[in-house]
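Worksheet: the structure to be examined is printed underneath.
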Amino acid sequence: CGAANTTVITATSYAGYYAPDYQIVSVSVTDITTVTHINDVEFAPDRADNLVSDPAQPVTATYTHRITNTGNCRQQFGFLSHSSQGFTVTTPSWVWLDPEDATPVTIFITAPPTATDNLLVDTTVITAYHWGEPDLPTAAVVDTTIVNQAAGVELAPNNTSVITQPAITTVPVTYTHTLTNSGNYTDTFDLTWLNEDGWETTVNGQTEQPAEVTVGASRTTTVSVVTILPEWVYTLTNQTVVTAASQLSPTVTAIATDTTTARRPGVLLWPDHDQYVAPGDIITYTHRLTNVGGISDSYVITYHSIMGWASVTPTVVPTLAPGSGVLVLATISVPTSTDILSGTEDLLVITATSQITDIVYDTAVDVTTVPYVPGAALTPDPGNQASQAGIPVPYTHTLTNLGNYTESFHLQIWSEFANGSVSPEWVLDLGPGEAYTSVIVTVLLPTHAAAGETEETQVLISFAGERVVARDYTLVLATTGTRHVAPEGTDDNNSCLVPYDYGPCATVQQAVDQALAGDDVLVAQGVYTDVQATSGYTEAVYLDKNLTLLGGYVNAGWDASPDPAINETALDAGGQGRVVYVAAGVTATIEGFHLRQGYVEGDGAGIYVASGAAPTVRRNFIYSNTATGAESKGGGVYYAYTSGDSDLVLERNMIYGNTAGAEGGGFYVYGSYGSGGRQRVWNNLFYHNVADDGGGLYLAGDSALVWNDTFYSNTATNGGGIYLAAGSSSISNTILSSNANYGVFKPTGLGGAPQLDYNLAWVNSPDNFNAEVDPGANTITTTTPGFVDPAGYDFHLRSNSNAIDQGDPNGTLPDEDLDGNSRPLASYHDIGAYENGLQSKKTAVEYAPAGGTLTYTIAITNSGQAHRDIVVTDRLHDYLDYAGLSSTPTGSSNYSDHTVSWEGVVYSSTTAYITVTTTVTDWLIAGTIITNVAEINYVPGSVVTTVVTGTHGARYVAETGHDTMNNCMRPDMPCLTIQYAADHALAGDEVQVASGVYTG
């Protein structure tokens, strides 16, 4: 404001210096710019207010305005006022404002006291001017003060309208009202409205609320209301409420109501449907036709199906009252033809038309789409064949595309336990209904597959996110071969034929079930406790085939010979049933097992031999089996002949600790009479068995041969050793010792003439035989059998036993003993289960020097097929000092009180060597004889003699010496006489004599 700016502009030549002064030429001009004063002001806004007067005192209205300096100089502004009614006006004196600044300005207008029914209208003009400069621009505001204004409003009338015309589009319904300002002054009214159903409504052409209308006192104006009736409303009563409200405070209002009633025809057909339907399927779409109009109506139903798959019922609908309805059913039948490809679409349009006017109708649209329905079949399904393990089995199938689209198929194989393959793995671009006829599935059963199991081979056909499974079933046929069993094996899918690659079976029963007649079943050491119920019986093994069961093997050592004594193989029924049940007609072999813990209420707890069966039971330990019940028979083994020519063989078994309630604690053998198979009871050892009759053996029939058995300490009411029922069985070469209630007992009155001879009976109580038994002329009853250690259950014969070579001189069978030793080893069979298969020999040097080493070698040869426990006792001569012992094989040895002892095992067909090293007493004279005898299993052996030889060396004599057995060679043990020393000296030896007088 009032500022000035000076600008100097100079023009200078750059052409060079000019004479005469040689100066640069330049020229300047000056521009002066001055800012002009601008004076202006804004004052706003106009105001209006209502007051209610007070007859007793003035009342004041307050108005606020805003003044703005719109000039460019700081100015002072003053205010002037003029009231049309002469009201008192109060303004600010003045205000200072910088350019563009603004400030509020408050004005007070005071009305004098007056009656409240006196209407006064005052117009006050307030002018803002530049202070002290009346000629400059001014600005003014007008404040209107209405004193004692009375507001009033009327809105009439209420309107009604009934719409019956058919609905095609929306229908505008117009209503007119009169608004009257019943107040004492011009007033502005706000018009608002509300449609109860939310229909579109305008008032005075305005859609936005509120609409304003100004009306003078006691004046009227027209209010126009338009309500839009939607096309979908057929029967309804609707109200629109319009409200007129004075803007004067306090507000007064008036209300008018417009009522619209729709009564026109209408129809609704719903819903639409959109579904996928597979070829061959039928679907019904349910629709509902409803008279949504306000009057009764009837309808005609038409429809159109693009594919012609649809039928619709009903096609005519009689008169329906408003709000009533019926069901309209559309049935779609999709054909099954393979020509109906996926994606095929049928569009069904159903139309319901009013019979009042055809412009009233509704449609429902049903879209039926044939989906992609993938499908496939592999035939035949299932395939069935049978094969032995290890042989490829081919199956030929046909793959058919059952779907409705060309598809490719991926074929895979899953086998339960076999190796399978499928060819081809892919079948590409197979059209709907087409077939591929050369799908080959090959199933290779593993070599271990168990007979009787069925391999399920699944062909997995994958396509379009789907999977179809076809199956081939291959029955595993049995294969002959050697079976293998070990506790750590598995029965799962196992034929027991491949012990190294797949592993042995875990149970003997699995091997028996898998085997074919004639197969061997090799069983490794361990305890087998599985029992099962078969054909009404419970047992550890149900033997229904002619097999050879062999125990005593070692897992993974199947090619080695079995050794049941070392590799204990136990079938343990655990008191839950029999150990072995031999089914009718079976002639199997059971060898090399511990058969124990059988328990049955009936016969045959250890082994039950069914009718017509005749097994070979060999080299087994049969013990701790119980046949309970008053009539029970055969605690260890039960056999009763019924038919057949096969021989029962019970040989080389140890039978002990078995019990039967009635007969045959160890064995119950009821042989045949006359023709038929024989029963060979050979080389068995019976001890500590208990029954009522026949603690060790109950025997009947003419066909039994009881040869070379040993019965010891068995107990029965009758026949602790053997009970002879009717018949003429043969008992020979058998030891009966220490049995309770007779070694052999035959009841009075039973027929038959048993053949007994060449037996040894000793200390059976109360006697060896009862009166009905003829023991035979050659039976020994006067001497002990000479067992090695019966208290320790070693029933081998000592080498000095009186049973050795005392068997039947004409006998040739059996040709081996319980241990497997050949019989006879000498001239005749030994009596009892054991042939004396041990030979021993002790050797030493014939001469040994005094003070030298003397070695004894004891050789013990076991010529049998079973190992023998050996006890060697050797008391050394007093002239020998013990120096050590060695043995092959190793054993346990001890030296005490000048006695050497050794215990160990001598295995079958081997020789054990025990070497005892001693030192000869160094002062012995030459010619001293030293003898030695070793006891083998408590029986003295041969006498070995060694002579002490002389040696060169000085001889010593002293008065303190002695001559007895003294070789005079030790200075601390001199001889007594010089002559004695000279007699025992060798040529060239010195005789050194201590000082003294020698008279001898």
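The sequence shown lines up with residues 49 to 1048 when you count with this note's numbering.
Glycine included, each C-beta is placed from N, C-alpha and C at the ideal position.
Keep in mind the model is a prediction, meaning the values are calculated, not measured.
Quick test of the definition: if touching needs 3 or more C-beta pairs under 8 Å, does the region 657-673 touch the region 629-646? They touch, by the three-pair rule.
8 Å contact criterion, which Tyr716 and Gly682 should meet: CB distance rounded: Contact holds; Cβ gap of about 3 Å.
For the region 948-958 against the region 996-1013, do three or more pairs of beta-carbon atoms, one drawn from each stretch, fall closer than 8 Å, so that the two count as touching? no
Out of curiosity, what's the CA-to-CA distance linking Asn252 and Val263? 15 Å
Decide if Arg626 is buried, meaning its Cβ has at least 16 other Cβ atoms within 10 Å, or exposed. With 16 or more Cβ atoms within 10 Å of its Cβ, Arg626 is classed as buried.
How would you call Ser101, buried or exposed, if buried means at least 16 neighbouring beta carbons within 10 angstroms? If you draw a 10 Å sphere on the C-beta of Ser101, you find 16 or more other C-beta atoms in it, and that means buried.
Are any of the Cβ atoms in chain C nearer than 8 Å to that of Pro430? The structure shown contains no chain C, having only a single protein chain.
Going by alpha carbons, who is nearest to Thr228 out of Ala293, Leu167 and Thr936? Ranking the options by Cα distance to Thr228, first place goes to Ala293.
Among Asp345, Ala678, Asn732 and Gly709, nearest to Glu699 - alpha-carbon criterion: Asn732
Less than 7 Å between C-beta atoms, sequence neighbours within five positions excluded: which residues of the same chain meet that for Asp611? Gly600
So, is His946 buried or exposed, given that buried needs 16 or more other C-beta atoms within 10 angstroms? exposed
Please classify Asp757: does DSSP put it in a helix, a strand, or coil? coil
DSSP state of His85 mapped onto helix, strand, coil: Three-state result, His85: coil.
Rounded separation between Gln460 and Ala554 - CA only: 34 Å
Under the three-state reduction of DSSP, which class applies to Tyr590: helix, strand or coil? strand
Measuring alpha carbon to alpha carbon, tell me which of Gly468, Glu503, His445 and Val491 ends up nearest Val475. His445
Can you tell me whether Leu396 is buried or exposed? The criterion is at least 16 other CB atoms within 10 Å of its CB, across all chains shown. Buried: at least 16 other Cβ atoms inside 10 Å.
Identified DSSP bridge partners for His130: Val173
By Cβ distance, which residues of its chain are closer than 8 Å to Ala604, with the 5 residues on each side in sequence left out? The residues are Pro547 and Tyr548.
With Ala92 and Arg114 assumed to form a contact (beta carbons below 8 Å), what rounded beta-carbon distance in angstroms separates them? 6 Å
What's the gap between the Cα of Asp750 and the Cα of Leu808? If I take the Cα positions, the gap works out to 22 Å.
Quick check: the Cα distance between Thr664 and Thr963, rounded to an integer number of angstroms? 43 Å
Would you decide whether Met1017 is buried or exposed? Buried here means 16 or more other CB atoms lie within 10 Å of its CB. buried
Element boundaries [alpha helix (DSSP H), containing His1032]: Ile1026 to His1032
Presumed contact (8 Å Cβ cut-off) between Ile211 and Ala310, rounded CB distance: 5 Å
Backbone CA spacing between Pro258 and Ala198 [nearest angstrom]: 22 Å
So is Pro103 buried or exposed if we call it buried at 16+ other beta carbons inside 10 Å? exposed
Can you tell me where the alpha helix (DSSP H) with Ala559 in it begins and where it stops? Val556 to Gln562 is the span of the alpha helix (DSSP H), which, as asked, contains Ala559.
Out of curiosity, what's the CA-to-CA distance linking Ser875 and Asp853? 6 Å
Whole angstroms are fine: how far does the CA of Ile86 sit from the CA of Ala163? One C-alpha to the other measures close to 49 Å.
Considering only DSSP beta bridges, list what Gly373 is partnered with. Thr338
Residue interval of the beta strand (DSSP E) (run including Tyr347): Looking at the DSSP string, the run of the beta strand (DSSP E) that includes Tyr347 is Asp345 to Ser353.
Among the candidates Glu536, Thr495 and Gly134, whose CA atom is the shortest distance from the CA of Leu525? Thr495
Residue nearest to Ala1029 in terms of C-alpha spacing, selected from His1010, Met355, Gly431 and Ile354: His1010
Kindly indicate the opening and closing residues of the beta strand (DSSP E) around Met702. Per DSSP, Met702 belongs to the beta strand (DSSP E) from Met702 to Tyr704.
Reduced DSSP category for Ala678 - H, G, I as helix; E, B as strand; rest coil: coil
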